[in-house]
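Participant:
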Amino acid sequence: MQFGWIEEKCAFFFSAYETLFTYKGSKESVLVNLLEEVGIRITIPAAKIAFLTTEMMIPSKGYTIKSAEEKNKFWNEFSATLVRNCGIEDKDGTIAALVARRFRSPDIWVAYPDAQPALEALKKRGCLLGVIANGEHHVKETLIKLSLAEFLDVITISEDVGVEKPDPRIFKLTIEQFGLRPEKCAYVGDVPEIDLAGARNAGITPVWIDRNRLARKIGDINKVEVLTDVEFLFPIIPYKKDK
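Converting from the sequence shown to my numbering requires adding 31 to each position, the first position being numbered 1.
Below, the structure is given as structure tokens:
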């Protein structure tokens, strides 16, 4: 519940992964199912350990703004290490190549049930809507495939602009093209240190989507557990380009 004077909002931006869409099942089940297709069986717990180990060995931060060659190198190294951490022998790299291809595909994602209704409700109220995400071109492909792109006025991907969240520049680059003042905007994301901190440093009001109910509150940041509650956090006015 909000009290007192609150700045009106006319534009809402969202993170992509784990905000608008998520893995079909889980990333572990995606890996397990892929390996089963080639006759290899591992358990979900084993896949979870393999992911945790690999992510500690090969951090993904910053890879989306590298060159195409460097991105491919990252994925090849990550996938080969993941396969190895699953205890799988892959001398010719065939399995690692399959893993890299699968995890860069839009086919492994599913929209959250509240994503489309939330976007549709805000769009009907005249809001400008967009996505600001760290990722590669398949983010856009996924949004199109999941029928979410039709509600969006802009999709800003770190690969395209050369800067990743939490750098405030990726937020500012997005709102400036629409003549928006940051205080008229809200940004909804699931990772406080990346999404919320980045938005706040750009002067945009952050909203935490806490689907797993991890905490009651983080400071004075607005929190929702379903996206359809976002429209009730602020007074809303239709978007009109600021002069």
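We put the beta carbon where it would ideally sit given N, CA and C, even for glycine.
List in chain order: all unbroken beta strand (DSSP E) runs of 3+ residues lying wholly within the segment 119-143.
Facilitator: Runs of the beta strand (DSSP E) inside the segment 119-143: 140-142.
Participant: Of all the options D123, S57 and P197, which has the alpha carbon lying nearest to the alpha carbon of Y218?
Facilitator: What you label residue 218 is simply residue 187 of the sequence shown in a count that begins at 1. Ranking the options by Cα distance to Y218, first place goes to P197.
Participant: So, at 7 Å on beta carbons, what are the nonlocal neighbours of V114 in its own chain, with the 5 sequence-adjacent residues on each side left out?
Facilitator: Walking along the sequence shown from the start, residue 114 turns up at place 83. Contacts found: D121, I126, A127 and V130.
Participant: So the beta strand (DSSP E) F182 belongs to, where does it begin and stop?
Facilitator: Position 151 of the sequence shown, counted from the first residue, corresponds to residue 182. No beta strand (DSSP E) holds F182; DSSP gives it neither H nor E.
Participant: Taking C-beta to C-beta, are I267 and R135 nearer than 7 Å?
Facilitator: Locating residue 267 in the sequence shown gives position 236, counting from the first residue. Locating residue 135 in the sequence shown gives position 104, counting from the first residue. The answer is no: Cβ separation not under 7 Å.
Participant: So, under 8 Å CB-CB, K79 and E59 are touching, yes? Tell me the CB distance rounded to an integer number of Å.
Facilitator: Counting from 1 along the sequence shown, the entry for residue 79 is found at position 48. Counting from 1 along the sequence shown, the entry for residue 59 is found at position 28. That pair is a contact at about 5 Å.
Participant: Secondary structure at V261, three-state DSSP: helix, strand or coil?
Facilitator: Locating residue 261 in the sequence shown gives position 230, where the first residue counts as 1. In this structure, V261 counts as helix in the three-state DSSP scheme.
Participant: Around the Cβ of G93, are there at least 16 other Cβ atoms within 10 angstroms (buried) or fewer (exposed)?
Facilitator: Here residue 93 corresponds to residue number 62 of the sequence shown, with the count starting at 1. Classification for G93: exposed.
Participant: Spatial neighbours of P81 within its chain, please: C-beta separation below 7 Å, excluding the five flanking residues on both sides.
Facilitator: Indexing the sequence shown from 1 puts residue 81 at position 50. The question names Pro, but residue 81 is Ala in the sequence shown. Closer than 7 Å at Cβ, skipping near neighbours: L113, N116 and C117.
Participant: Once you ignore the five residues that flank I139 on each side, which residues in its own chain have a CB closer than 7 Å to its CB?
Facilitator: In the sequence shown, residue 139 corresponds to position 108, counting from 1. The residues are Y54, K55, V61 and R133.
Participant: Give the straight-line distance between the Cα atoms of M32 and L264, rounded to the nearest whole angstrom.
Facilitator: Counting from 1 along the sequence shown, the entry for residue 32 is found at position 1. Counting from 1 along the sequence shown, the entry for residue 264 is found at position 233. Its pLDDT being 37, under 50, M32 is placed unreliably in this model, and the coordinates cannot settle the point.
Participant: Give the straight-line distance between the Cα atoms of L183 and Q208, rounded to the nearest whole angstrom.
Facilitator: Within the sequence shown, the letter at position 152 stands for residue 183. Within the sequence shown, the letter at position 177 stands for residue 208. One C-alpha to the other measures close to 14 Å.
Participant: Between I252 and F202, which are expected to be in contact by the criterion C-beta below 8 Å, what is the C-beta distance as a whole number of angstroms?
Facilitator: Position 221 of the sequence shown, counted from the start, is the residue given in the question as residue 252. Position 171 of the sequence shown, counted from the start, is the residue given in the question as residue 202. Between F202 and I252 the Cβ distance is about 15 Å, and since that is not below 8 Å, they are no contact.
Participant: At which residue ranges does the segment 225-251 contain complete beta strand (DSSP E) runs of 3 or more residues, listed in the order of the chain?
Facilitator: With a minimum length of 3 residues, the continuous beta strand (DSSP E) runs that stay inside the segment 225-251 are 236-240.
Participant: If you count every other CB in all the chains shown that lies within 10 Å of the CB of S91, and 16 or more means buried, which is it?
Facilitator: Here residue 91 is taken as the residue at index 60 of the sequence shown, counted from 1. Exposed, since its Cβ has fewer than 16 Cβ neighbours within 10 Å.
Participant: I'd like the span of the beta strand (DSSP E) that includes K254, first residue to last.
Facilitator: Taking the first residue of the sequence shown as 1, we reach residue 254 at position 223. Counting along the chain, the beta strand (DSSP E) containing K254 begins and ends at N253 to V255.
Participant: With which residues is T187 paired in a DSSP beta bridge?
Facilitator: Reading the sequence shown from its first residue, position 156 is the one you call residue 187. BP columns for T187 point to I163.
Participant: Just mark A246 as buried or exposed, buried being the case when its beta carbon has 16 or more other beta carbons within 10 Å.
Facilitator: The residue given as residue 246 occupies position 215 in the sequence shown. Label assigned to A246: exposed.
Participant: If the criterion is Cβ atoms closer than 7 Å, does the pair L66 and I75 meet it?
Facilitator: On the sequence shown, position 35 is the one that residue 66 refers to. On the sequence shown, position 44 is the one that residue 75 refers to. Their beta carbons are not under 7 Å apart, which means L66 does not touch I75 by this criterion.
Participant: Going by beta carbon distance, what residues of the same chain come within less than 7 Å of A142, once the five residues before and after it are set aside?
Facilitator: On the sequence shown, residue 142 is found 111 positions in, with the first residue counted as 1. Cβ neighbours of A142 beyond the five flanking positions: L51, F52, L177 and L179.
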